[in-house]
Amino acid sequence: MLEQRYRWKNKHLREHVSVLDGRIAPTMLLKNARYLNQAIKKWVHANIWILGDRIVYVGEKLPDKLEGCEIVDCNGMTLVPGYIEPHAHPFQLYNPLSFARYAAQFGTTTLINDNMVLALQLEKKKAFSFLKEMRNIPSTMYWWCRFDAQTEIQNEETTFSHGNIKSWLEHDAVLQGGELTGWPKLLDGDDLMLHWMQEAKRMRKQIEGHFPGASEKTLAKLMLLGADCDHEAINGQEIMNRLMQGYTVSLRYSSIRPDLPQLLDEMHELGIDHYESFIFTTDGSSSSFSDQGIIDQMIRIALEKGVPTIDAYNMGTINVAKYYNIQHLHGNIATGRVANINFLENESNPTPVSVLAKGKWIRRDGENTPFEDNMAWEEFGFEPLEMNWELTSHDMQFSMPFGIKMESAVITKPYSLAIDISGDELSKEHDECFFMLIDRKGKWRVNTVIKGFAKELDGLASSYSNTGDIILIGKSKKDMMNAFNHMKEIGGGIVISEQGNIVTEIPLKLKGIMSNKRVEDLIEEERTLLAYLRERGYRFADPIYTLLFFSSTHLPYIRVTQRGMYDVMNKTVLFPTMMR
Numbered sequence: 102m103l104e105q106r107y108r109w110k111n112k113h114l115r116e117h118v119s120v121l122d123g124r125i126a127p128t129m130l131l132k133n134a135r136y137l138n139q140a141i142k143k144w145v146h147a148n149i150w151i152l153g154d155r156i157v158y159v160g161e162k163l164p165d166k167l168e169g170c171e172i173v174d175c176n177g178m179t180l181v182p183g184y185i186e187p188h189a190h191p192f193q194l195y196n197p198l199s200f201a202r203y204a205a206q207f208g209t210t211t212l213i214n215d216n217m218v219l220a221l222q223l224e225k226k227k228a229f230s231f232l233k234e235m236r237n238i239p240s241t242m243y244w245w246c247r248f249d250a251q252t253e254i255q256n257e258e259t260t261f262s263h264g265n266i267k268s269w270l271e272h273d274a275v276l277q278g279g280e281l282t283g284w285p286k287l288l289d290g291d292d293l294m295l296h297w298m299q300e301a302k303r304m305r306k307q308i309e310g311h312f313p314g315a316s317e318k319t320l321a322k323l324m325l326l327g328a329d330c331d332h333e334a335i336n337g338q339e340i341m342n343r344l345m346q347g348y349t350v351s352l353r354y355s356s357i358r359p360d361l362p363q364l365l366d367e368m369h370e371l372g373i374d375h376y377e378s379f380i381f382t383t384d385g386s387s388s389s390f391s392d393q394g395i396i397d398q399m400i401r402i403a404l405e406k407g408v409p410t411i412d413a414y415n416m417g418t419i420n421v422a423k424y425y426n427i428q429h430l431h432g433n434i435a436t437g438r439v440a441n442i443n444f445l446e447n448e449s450n451p452t453p454v455s456v457l458a459k460g461k462w463i464r465r466d467g468e469n470t471p472f473e474d475n476m477a478w479e480e481f482g483f484e485p486l487e488m489n490w491e492l493t494s495h496d497m498q499f500s501m502p503f504g505i506k507m508e509s510a511v512i513t514k515p516y517s518l519a520i521d522i523s524g525d526e527l528s529k530e531h532d533e534c535f536f537m538l539i540d541r542k543g544k545w546r547v548n549t550v551i552k553g554f555a556k557e558l559d560g561l562a563s564s565y566s567n568t569g570d571i572i573l574i575g576k577s578k579k580d581m582m583n584a585f586n587h588m589k590e591i592g593g594g595i596v597i598s599e600q601g602n603i604v605t606e607i608p609l610k611l612k613g614i615m616s617n618k619r620v621e622d623l624i625e626e627e628r629t630l631l632a633y634l635r636e637r638g639y640r641f642a643d644p645i646y647t648l649l650f651f652s653s654t655h656l657p658y659i660r661v662t663q664r665g666m667y668d669v670m671n672k673t674v675l676f677p678t679m680m681r
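When we follow our numbering, the leftmost residue of the sequence shown carries the number 102, and every step to the right adds one.
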């Protein structure tokens with residue numbers, strides 16, 4: 102639990118009032134500010150007083166005391182609240198700290214984050230210590246509580262025990278349960294999951310859905326059981342279905358689903374022109390997809406698609422805050438709120454020139470300011486990956502009668518093998534490769550063949566996956582082993598070997614799952630990897646998500662999991678893992 106249950110202690114609240122009484126000066130005064138006032142949905146002129154991380158007054162008056170106060174003349178600028186990302190996955194090669202820093206430069210100062218990696222990879226005490234540390238950065242970090250692993254894992258009942266879920270739900274930094282990737286189990290009668298949802302509702306916390314392709318009847322059932330929001334609508338009719346059942350609809354613009362322009366067009370065609378039930382999300386996009394911005398980019402698209410200006414900004418600010426019941430702290434520029442403020446050239450360009458996060462400059466006059474991003478990662482369990490076991494030729498035996506075929510970047514189907522896979526190399530005349538998922542502790546493995554990933558890839562090793570287990574893909578068993586050994590040497594990462602030489606790599610020094618580099622540097626590494634894979638025959642948009650979702654059972658049709666080859670539709674293990 103957080104040691105400080107209340108955001109401001111009594112003494113701080115008294116200081117805030119003292120500024121209005123003229124006994125102490127504010128730390129910052131924003132004079133002549135033209136800002137978005139959501140209470141009346143208008144652009145208003147006012148002076149904004151800030152003490153530390155809080156707005157203490159908005160109105161016509163000026164402070165009686167100004168000693169030591171930073172005075173900023175906002176004439177010619179337009180001010181809007183800091184943007185809120187309601188559905189962040191802050192472990193997509195980047196880490197929560199580096200992503201928060203990067204997003205803040207584009208005006209997204211509050212993130213509501215997936216806890217999956219923390220739940221799967223860290224003991225609860227260290228995970229909660231990490232959440233406490235995240236309170237100290239300029240960005241505001243909130244979290245989810247997952248109810249399932251979105252895959253078949255060993256010892257799931259321990260990781261997602263009632264005690265663990267209850268502790269996460271009770272944590273002050275946790276705002277919601279979900280996302281509900283395991284909703285089929287819920288509909289099949291999983292009363293423990295339903296109990297956790299009930300507990301979340303009792304605590305006035307939201308339930309985030311994950312309902313791709315759900316029928317109107319299914320959406321209604323899930324609403325009755327406690328779901329509040331869903332981000333999986335991919336066309337206008339699916340948006341309408343969710344609105345009709347009372348959902349808040351999260352419009353998505355992500356690296357594997359860049360749907361927002363189409364969604365807005367189809368909404369408008371259906372006559373949907375009220376926006377109070379909509380919010381935005383980039384849904385954990387790969388770093389290279391975010392080079393043009395985060396929520397600011399989504400607001401820009403909305404403006405281009407004819408959404409009224411204030412409504413476009415509200416979908417990235419106050420709508421999110423109201424949905425999560427945090428409007429007393431976030432989402433608007435008003436007395437008592439956290440001082441997260443974006444300074445725009447004008448309302449037609451949502452990418453800020455300057456950014457305040459908790460009353461500190463993150464960006465000033467077009468230049469980024471220092472954002473403390475050094476952290477003792479090992480104290481929280483994010484040390485470099487260590488594996489004290491060896492991959493042997495015995496592990497490189499492939500004899501399964503069927504493999505997996507890629508239908509898209511993330512969808513895989515079974516297919517019958519028609520090639521000889523008994524040798525040490527596969528022909529580069531086809532797009533079939535050896536595929537292995539192996540336990541990071543070396544206890545088990547699953548060997549099969551993948552069709553459609555690449556045509557000329559010698560060997561790839563990745564410690565980045567949904568569960569943190571190791572993925573090997575390639576035409577050459579020798580190069581797969583070489584890539585694996587180099588990945589071990591660098592403490593985890595994504596490594597490609599060709600003809601015995603390492604040709605490209607993305608080191609992931611934080612438990613083999615995340616990079617310790619800045620997002621700007623990671624973008625270049627990611628682009629290099631994508632360019633190389635495309636040269637070798639990868640034909641989809643996002644290889645990072647491909648690696649992440651190989652074992653994810655919230656997607657059809659066949660997945661490679663810790664329990665073995667898994668048939669999602671029939672909920673059965675087709676071939677179990679091999680113990681080493």
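Don't be surprised by glycine CBs; every beta carbon is placed ideally from N, CA and C.
Around the Cβ of N420, a 10 Å sphere holds 16 or more other Cβ atoms; the residue is buried. Counting every other CB atom within 10 Å of its CB across the protein chains shown gives M217 a total of 16 or more, marking it as buried.
Checking the DSSP bridge columns, you'll see M537 partnered with N548, L573.
If you compare the alpha carbons of K227, I213, T319 with that of L287, the shortest gap goes to T319. The stretch 419 to 506 is shown to contain whole alpha helix (DSSP H) runs of 4 or more residues at 419 to 424, in chain order. Here P359 carries a coil assignment [DSSP, helix/strand/coil].
The straight-line gap separating the alpha-carbon atoms of R247 and R115 is approximately 38 Å. Per DSSP, reduced to three states, the secondary structure at K233 is helical. Here A477 is exposed. Its C-beta has fewer than 16 other C-beta atoms within 10 Å. Scanning the stretch 192 to 251 from its first residue to its last, the whole alpha helix (DSSP H) runs of 4-plus residues come out as 197 to 206, 217 to 222, 225 to 235.
G169 and G432 have their C-alpha atoms spaced approximately 28 Å apart. Per the coordinates, the alpha-carbon of E253 lies some 13 Å from the alpha-carbon of D540.
Note on E491: under 16 other CB atoms within 10 angstroms of its CB, so exposed under the neighbour-count rule. A Cβ-Cβ distance of about 18 Å is found for the pair I396 and E621, leaving them out of contact under the 8 Å criterion. Annotated as distal: P644 and L623, with beta-carbon spacing of 8 Å or more. The way I'd put it, the stretch 526 to 537 does touch the stretch 571 to 581; three or more beta-carbon pairs between them come closer than 8 Å. Per DSSP, the beta bridge partners of V159 are I149. L163 is the residue among K110, R155, L163 whose C-alpha sits nearest the C-alpha of K132.
For the pair G593 and E606, the Cα-to-Cα distance works out to about 10 Å.
Here the alpha carbons of G524 and H495 stand approximately 13 Å from one another.
Within a 10 Å sphere around the beta-carbon of I400 sit 16 or more other beta-carbons, which makes this residue buried. For N265 against W245, the beta-carbon gap comes to about 14 Å, at or over 8 Å, which does not count as contact. Scanning its chain for C-beta atoms nearer than 7 Å, with the 5 sequence neighbours on each side dropped, one finds around G347 the residues M324, in chain order. Each residue's CA atom was taken as its position, placing E446 and L137 some 14 Å apart. Ranking E468, I156, E625 by CA distance to the CA of D392 puts E625 first. Just so you know, the alpha carbons of P191 and S230 end up roughly 17 Å apart. For T319, the enclosing alpha helix (DSSP H) begins and ends at 317 to 326. The three-state reading of DSSP puts I340 in helix, counting H, G and I together. Rounded to whole angstroms, the separation of the alpha carbons of G504 and M679 is 16 Å.
Note on geometry: alpha-carbon atoms of L648 and I335 lie some 23 Å from one another. Taken through DSSP and simplified to helix, strand or coil, Q307 comes out as strand. Following the DSSP letters along the chain, one finds M178 in no beta strand (DSSP E), marked with neither H nor E. Taking the Cα positions, E280 is about 47 Å away from G123.
Contact annotation, I340 with M368: C-beta distance approximately 6 Å; criterion of less than 8 Å satisfied.
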